[in-house]
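A short write-up of the structure that comes next.
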Amino acid sequence: KRREGGTGIAEVLRRGNAGQVRVPGKHGSAPRAYETVAVLIDDQPGQLARIFADAGRAGVNIEDVRIEHATGQQAGLVQLMVEPKAAAVLTAALKERGWAIRQ
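With our numbering, the residue at position 87 of the sequence shown is 87, and numbering never jumps.
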C-alpha cells in the first residue's frame, strides 16, 4: 500500500508540472520568463512601498513579487521579477539607493 501511495503522489506531481504550461501568464497572455532581483529587506512599515517606488523611479515595472521571511529575524528577502533587460537597471538603481542586493 505504501508503494501505491508514493506512485499516486508522483503521478499527481507529474500531471501538475505538465499542466503548468497551460496556466496563462500575466493578463491572460502566454507565460513569460523573468529575471529575479533579490533584495534583503527590513521588516519595517513602508519598506515594500519604498522598494516599489525606487523601482518605479528607475523606470522598471515589477512583473511579480515573492517575499520570504527570515526565521527569528526582523528581515526578509524580497524577490522582484522583472523583464530580463530591466534586471541590471533595477539592480544598479537599488544599490545606488542603499538596498542590499543578494546575488
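Positions of the beta carbon are idealized from the N, C-alpha and C atoms, including for glycine. Since the structure is predicted, the reported quantities are computational estimates derived from the model, not experimental observations.
Once you ignore the five residues that flank residue i on each side, which residues in its own chain have a CB closer than 6 Å to its CB?
i	result
I41	Q47, G76, V78
R14	none
H69	G76
R66	Q79
W99	V39
To which residues of the same chain is residue i closer than 7 Å at the C-beta, ignoring the five residues directly before and after it?
i	result
A58	V89, L90, A93
Q74	D42, D43
Less than 8 Å between C-beta atoms, sequence neighbours within five positions excluded: which residues of the same chain meet that for residue i?
i	result
E35	M81, V82, E83, P84, A86, A87
K1	With a pLDDT of 49 at K1, under the threshold of 50, the predicted position of this residue should be treated as unreliable, though the coordinate-derived value follows. Cβ within range, chain order: n/a, list empty.
From the DSSP output, read off the bridge partner residues of residue i.
i	result
A75	D42
T36	M81
D54	None, per the DSSP bridge assignment.
R66	Q79
Exposed or buried, which one is residue i when buried takes at least 16 other CB atoms within 10 Å?
i	result
V118	With the chain running from 1 to 103 in the structure shown, residue 118 is simply not present.
Taking 8 Å as the threshold, find out whether the segment 45-59 comes into contact with the segment 87-94 through three or more Cβ pairs. yes
Every unbroken beta strand (DSSP E) within the segment 79-103, with a cutoff of 3 residues, ordered by chain: 100-102
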